[in-house]
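Notes for the one structure printed next.
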Amino acid sequence: MSVFWLRAAAALYFCGLLYALIYLFRKSTRLFTPALIAFAVGTVLHLVSLVELRAETGHLPLNNFYETSSICAFLIAFLFLLAYSYYHISIFGVCLFPVVFFMTLIGATEFPVSSWSSPEVRNAWLTVHITSVLIGYAALILSAVASVYYLLQERQLKRKHLSPSSNPLPPLATLDRVITHSMNTGFVFITIATVTGVIWAFIETGTHWILDPKIGFFLFTWAFYLAMIFLRISAGWRGRRIAWLAVSVLSCSIITWATHAGLRSLWQR
Amino acid sequence: MKLALAGINHRTAPVDVREKVAFRAEHVPAALLHMQARGAKEALILSTCNRVEVTAALADDMPTDMLVEAILSGRDGLTLEGVRPYVYFFEQTEAIRHLFRVASSLDSMIVGEPQILGQLKQAYAQARDQGAIGGILDTVLTRAFSVAKRIRSETEIGESAVSVGYAAVELAREIFGSLNRKRVLIIGAGKMSEAAARHLLRAGATDILITNRTQQRADDLSQLLQGEVIPYDSFADRLSEIDIVIASSSAPGYVLVSDTVHRAIEARRNQPMFLIDIAVPRNIEPDVNKVEHAFLYDIDDLQRIADRNLQAREEMAEQAESIVDDEVTRLQARLRQRDIAPTIVSLQAQLEAVRAEVLERYRPHLGTLTSDQEEALEALTRTIINKIAHGPISEIRRHAASQKRGENIHEGELISAVRRMFRLRDS
Numbered sequence: 001m002s003v004f005w006l007r008a009a010a011a012l013y014f015c016g017l018l019y020a021l022i023y024l025f026r027k028s029t030r031l032f033t034p035a036l037i038a039f040a041v042g043t044v045l046h047l048v049s050l051v052e053l054r055a056e057t058g059h060l061p062l063n064n065f066y067e068t069s070s071i072c073a074f075l076i077a078f079l080f081l082l083a084y085s086y087y088h089i090s091i092f093g094v095c096l097f098p099v100v101f102f103m104t105l106i107g108a109t110e111f112p113v114s115s116w117s118s119p120e121v122r123n124a125w126l127t128v129h130i131t132s133v134l135i136g137y138a139a140l141i142l143s144a145v146a147s148v149y150y151l152l153q154e155r156q157l158k159r160k161h162l163s164p165s166s167n168p169l170p171p172l173a174t175l176d177r178v179i180t181h182s183m184n185t186g187f188v189f190i191t192i193a194t195v196t197g198v199i200w201a202f203i204e205t206g207t208h209w210i211l212d213p214k215i216g217f218f219l220f221t222w223a224f225y226l227a228m229i230f231l232r233i234s235a236g237w238r239g240r241r242i243a244w245l246a247v248s249v250l251s252c253s254i255i256t257w258a259t260h261a262g263l264r265s266l267w268q269r
Numbered sequence: 270m271k272l273a274l275a276g277i278n279h280r281t282a283p284v285d286v287r288e289k290v291a292f293r294a295e296h297v298p299a300a301l302l303h304m305q306a307r308g309a310k311e312a313l314i315l316s317t318c319n320r321v322e323v324t325a326a327l328a329d330d331m332p333t334d335m336l337v338e339a340i341l342s343g344r345d346g347l348t349l350e351g352v353r354p355y356v357y358f359f360e361q362t363e364a365i366r367h368l369f370r371v372a373s374s375l376d377s378m379i380v381g382e383p384q385i386l387g388q389l390k391q392a393y394a395q396a397r398d399q400g401a402i403g404g405i406l407d408t409v410l411t412r413a414f415s416v417a418k419r420i421r422s423e424t425e426i427g428e429s430a431v432s433v434g435y436a437a438v439e440l441a442r443e444i445f446g447s448l449n450r451k452r453v454l455i456i457g458a459g460k461m462s463e464a465a466a467r468h469l470l471r472a473g474a475t476d477i478l479i480t481n482r483t484q485q486r487a488d489d490l491s492q493l494l495q496g497e498v499i500p501y502d503s504f505a506d507r508l509s510e511i512d513i514v515i516a517s518s519s520a521p522g523y524v525l526v527s528d529t530v531h532r533a534i535e536a537r538r539n540q541p542m543f544l545i546d547i548a549v550p551r552n553i554e555p556d557v558n559k560v561e562h563a564f565l566y567d568i569d570d571l572q573r574i575a576d577r578n579l580q581a582r583e584e585m586a587e588q589a590e591s592i593v594d595d596e597v598t599r600l601q602a603r604l605r606q607r608d609i610a611p612t613i614v615s616l617q618a619q620l621e622a623v624r625a626e627v628l629e630r631y632r633p634h635l636g637t638l639t640s641d642q643e644e645a646l647e648a649l650t651r652t653i654i655n656k657i658a659h660g661p662i663s664e665i666r667r668h669a670a671s672q673k674r675g676e677n678i679h680e681g682e683l684i685s686a687v688r689r690m691f692r693l694r695d696s
């Protein structure tokens, strides 16, 4: 029964993730209250699941990575709610909602489910996963290129080498908008790819998926990306700092891609 | 008839001469009338702060000095001897070329500046209202306007910023893209900052904040620009809302240092800030340019950009000159065609008149003729006059077409020889 509550909690946390993704595109906090309520209910269900698990096993559920991840997610959620009740800072939600969701999702994969309902569903799932990864990468490359242009344009302006009439580069503000939009779009798709990828690996390989380094690296890349997005929207990072981050995230993505070489075998059956 | 032009400009005459010679708009009609009374068929007066030029269609034997006299007539303190050393004269092709260059702003102090074309159009309208524009000037000036248009569209001569204020606007665009809803702070309410602010307003900036040590002047300027006055002691508190700073106060030291700017940029979450320091001595600490996301330009930086653009314009001007050459040649060809046409027409008319007269006189002696014979007689006489006319006409045409650039448009000699030989009356 505990795993049911845990999955229900993950589903509610998912509302928080959706809020975070929507926030990237419309900077309104109108949806924050419903997302927060869903998140709080999720936290309560999460607690229920932990208590049940404790009752089933007779000790604190700290046996393996799944359980520690789940507990850690619960603690983050709890502390966030606590902090929010004191300080009312909603911007942390943009970063913490996705983190809590993913850690809970990982926790929820401790118990394997029966395999795919049909090979078509499996292949469709894989298609969604790969397509979103590629869209995400494309957007990320665009934002990295725009960041480099931003650096060049900024440098020309700083060094006063610019002659505005013959300068081929677009204005800083335009580049900044391109970076924001492509980065946010990329993040949405990489997030979709991560969710579908984790679930796919979980269904496919049962509980062993967590040991796969390429999935670990994928999760790391996603977390790095999340950090970059968060720094940009909360601290207004731009220019040199965001350019370096974009290039680093892009490098991580390339490594992740390389670790996924040999996908052909997955399509069999 | 010849096209003649006389004038002074910023290159040939110092400003104290130019300002004496310059026409007030209301004096132009009288001067045009004066020239018409003295025998000019067509006339145009262009008077701007950098040039005064008179163009006229004159009879071939009229001296061009007459143009200078026209400029000077009825004005105190100006003598022909005093002004003459500064005056340039152009005739015919060279006058056309000069008008083309003036219209295209190739002869301007700031090459490529756009006002001169409007001024020339105004002068044209004024002369036309006065009835002083006829066939030649009309053709030349209309052509000059389209040459200017062609040069503007085919070269990039008018594209770059060559004034300091405009260079500031262009730089702001490099940072912010559109200046819509950008907020400008003016530190020091002087003439310079007013001019720069006007440039930015015209480019789309909306909010103007003004601060000045003496409140009164800040109030005055805020009325002119519809801005908001903020206290001088605490303007730094509002720096974080500002996108563009224009500093031109007469304060002896720095009124803005990098710490303040750094804090403001942090407060505006790293949104870029553009600072323009047009004060001497400078108002903003030069190290501000090292603050991330702050871009500081002082008066010399802006001047350098303006100069660089000016240089690029002058290179562009060479391209424009070849367009002018091309257009002058074309117009010449057209004018020459127009020039020889009346002679050819009246030559043909003259011979036809002779034929008709002779035929009428001798026809009765021939008695009745069949219609075939009538036709043969027509053809016979017509062929004779056509054969006679063929030589001179093709010679005139050949002569007109083969003329090289720089020769007179109204080449005169051959045409007048033909006219004399065939006793053609003036048409």
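Residue numbers (our numbering), protein chains in the order written: chain E, 1 to 269; chain D, 270 to 696. Glycine included, every Cβ here is placed at the ideal spot set by N, Cα and C.
Segment limits, beta strand (DSSP E) that includes M542 of chain D: For this step, residue 542 of chain D is matched to residue 273 along the second sequence. Element bounds for M542 of chain D: 542-546.
Sequence-distant residues of its chain with Cβ nearer than 6 Å to V133 of chain E (five each side left out): For the purposes of this step, residue 133 of chain E is taken as the residue at position 133 of the first sequence. Closer than 6 Å at Cβ, skipping near neighbours: A193.
Residues in the region 235-252 of chain E having any Cβ partner in chain D nearer than 8 Å: A235, G236, W237, R238, G239, R240
Cutoff 8 Å: A83 of chain E Cβ touching any chain D Cβ: Taking the first sequence and counting its residues from 1, the one referred to as residue 83 of chain E is at position 83. So no, A83 of chain E is outside the interface.
Minimum Cβ-Cβ distance from K160 of chain E to chain D less than 8 Å: Working through the first sequence from its first residue, we reach residue 160 of chain E at position 160. Yes, K160 of chain E lies at the interface with chain D (some Cβ there is under 8 Å from its Cβ).
Supposed contact pair L12 of chain E and S70 of chain E - C-beta distance, whole angstroms, cut 8 Å: Position 70 of the first sequence, counted from the first residue, corresponds to residue 70 of chain E. Position 12 of the first sequence, counted from the first residue, corresponds to residue 12 of chain E. That pair is no contact at about 14 Å.
Rounded straight-line distance, which links the Cα of V623 of chain D to that of G675 of chain D: For the purposes of this step, residue 675 of chain D is taken as the residue at position 406 of the second sequence. For the purposes of this step, residue 623 of chain D is taken as the residue at position 354 of the second sequence. Because the pLDDT of G675 of chain D is 44, which lies under 50, any placement of that residue in the model is unreliable, and the question is left without a value.
Residue range of the beta strand (DSSP E) that includes Y566 of chain D: On the second sequence, residue 566 of chain D is found 297 positions in, with the first residue counted as 1. Looking at the DSSP string, the run of the beta strand (DSSP E) that includes Y566 of chain D is 563-567.
Span of the alpha helix (DSSP H), counted from its first residue to its last, around K418 of chain D: For the purposes of this step, residue 418 of chain D is identified with residue 149 of the second sequence, where counting begins at 1. Run containing K418 of chain D: 404-423, per the alpha helix (DSSP H) assignment.
Buried or exposed (CB count within 10 angstroms, at least 16 for buried), T411 of chain D: Looking up residue 411 of chain D in the second sequence gives position 142. By the 10 Å Cβ count, T411 of chain D comes out exposed.
Residue-level contact to chain D via CB, L172 of chain E, 8 Å cutoff: Residue mapping note: residue 172 of chain E aligns to position 172 of the first sequence, counting from 1. Yes - at least one Cβ of chain D is within 8 Å of the one on L172 of chain E.
Whole runs of the alpha helix (DSSP H) within the region 58-124 of chain E, excluding any shorter than 4 residues: 65-87, 91-107
Buried versus exposed call for P500 of chain D [16 or more other C-beta atoms within 10 Å across all chains shown]: Here the question's residue 500 of chain D lines up with position 231 in the second sequence. With fewer than 16 other Cβ atoms within 10 Å, it is exposed.
Buried versus exposed call for S373 of chain D [16 or more other C-beta atoms within 10 Å across all chains shown]: Within the second sequence, numbered from 1, the residue matching residue 373 of chain D stands at position 104. Burial call: buried.
Contact set for T650 of chain D: own chain, Cβ-Cβ below 7 Å, skip 5 residues either direction: Residue 650 of chain D sits at position 381 when you count from the first residue of the second sequence. R624, L628, listed in sequence order.
Close Cβ partners of I91 of chain E (< 6 Å) along its chain, the five nearest in sequence each way excluded: Along the first sequence, read from residue 1 onward, the residue named residue 91 of chain E stands at position 91. Once the five neighbours on either side are set aside, the close Cβ partners of I91 of chain E are S234.
Extent of the continuous alpha helix (DSSP H) run through F25 of chain E: Residue numbering aside, residue 25 of chain E sits at position 25 when the first sequence is read from its first letter. Counting along the chain, the alpha helix (DSSP H) containing F25 of chain E begins and ends at 2-25.
Member of D:S685, D:L494, D:Q388 whose CA lies at the smallest distance from the CA of L368 of chain D: As a working mapping, residue 368 of chain D is identified with position 99 in the second sequence. Considering only alpha carbons, the answer is D:Q388.
Outcome for A328 of chain D when other beta-carbon atoms lying within 10 angstroms are tallied against a minimum of 16: To locate residue 328 of chain D, count along the second sequence from 1; it is residue 59. Classification for A328 of chain D: exposed.
Short-range partners of chain E found in the region 563-583 of chain D, where Cβ spacing is below 8 Å: F564, Y566, D570, R573, I574, R577, N578, A581
Under the three-state DSSP convention, the category Y357 of chain D falls into: Stepping through the second sequence from its first residue, residue 357 of chain D is reached at position 88. Looking at Y357 of chain D - three-state DSSP - the assignment turns out to be strand.
DSSP-derived helix/strand/coil call for E554 of chain D: Numbered from its first residue, the second sequence carries residue 554 of chain D at position 285. DSSP places E554 of chain D in coil when its eight states are reduced to three.
Rounded C-alpha distance that separates A658 of chain D from Q606 of chain D: The residue you call residue 658 of chain D lines up with position 389 of the second sequence. The residue you call residue 606 of chain D lines up with position 337 of the second sequence. Whole-angstrom Cα-Cα distance: 18 Å.
Residues bridged to G276 of chain D [DSSP beta-bridge criterion]: Here residue 276 of chain D is taken as the residue at index 7 of the second sequence, counted from 1. Paired residues: D:E322, D:Y357.
Any chain D beta carbon closer than 8 Å to L157 of chain E: Position 157 of the first sequence holds residue 157 of chain E. Yes, its Cβ sits closer than 8 Å to a Cβ of chain D.
Contacting positions in the region 43-67 of chain E - beta carbon closer than 8 Å to chain D: none
Proximal residues of chain D, C-beta to C-beta of S70 of chain E below 8 Å: Position 70 of the first sequence, counted from the start, is the residue given in the question as residue 70 of chain E. Those do not exist, as S70 of chain E stays about 36 Å from chain D at its closest Cβ, beyond 8 Å.
Rounded separation between L301 of chain D and K310 of chain D - CA only: On the second sequence, position 32 is the one that residue 301 of chain D refers to. On the second sequence, position 41 is the one that residue 310 of chain D refers to. Cα-Cα distance, rounded: 11 Å.
7 Å Cβ shell around G186 of chain E - same chain, five flanking residues per side excluded: As a first step, residue 186 of chain E must be located in the first sequence, where it is residue number 186. G136, A139, L140, S143.
Whether R573 of chain D touches G381 of chain D by CB criterion (8 Å): Counted from its first residue, the second sequence places residue 573 of chain D at position 304. Counted from its first residue, the second sequence places residue 381 of chain D at position 112. No.
Y566 of chain D versus L169 of chain E - alpha carbon distance: Reading the second sequence from its first residue, position 297 is the one you call residue 566 of chain D. Reading the first sequence from its first residue, position 169 is the one you call residue 169 of chain E. Cα-Cα distance, rounded: 19 Å.
Simplified DSSP state of R532 of chain D, which is helix, strand or coil: As a working mapping, residue 532 of chain D is identified with position 263 in the second sequence. Helix.
Beta carbon of V371 of chain D nearer than 8 Å to that of I456 of chain D: Sequence index remark: in the second sequence, residue 371 of chain D carries index 102 (1-based). Sequence index remark: in the second sequence, residue 456 of chain D carries index 187 (1-based). Cβ atoms of V371 of chain D and I456 of chain D: not closer than 8 Å.
Segment contact flag, the region 511-527 of chain D with the region 451-466 of chain D, C-beta cutoff 8 Å, min 3 pairs: yes
Alpha-carbon spacing of A275 of chain D relative to N167 of chain E, whole angstroms: Sequence index remark: in the second sequence, residue 275 of chain D carries index 6 (1-based). Sequence index remark: in the first sequence, residue 167 of chain E carries index 167 (1-based). Between A275 of chain D and N167 of chain E, the C-alpha separation is close to 42 Å.
Own chain, CB closer than 6 Å to S49 of chain E, minus 5 neighbours either side, in chain order: For the purposes of this step, residue 49 of chain E is taken as residue 49 along the first sequence, with counting starting at 1. Correct list, in chain order: S2, W5, L6.
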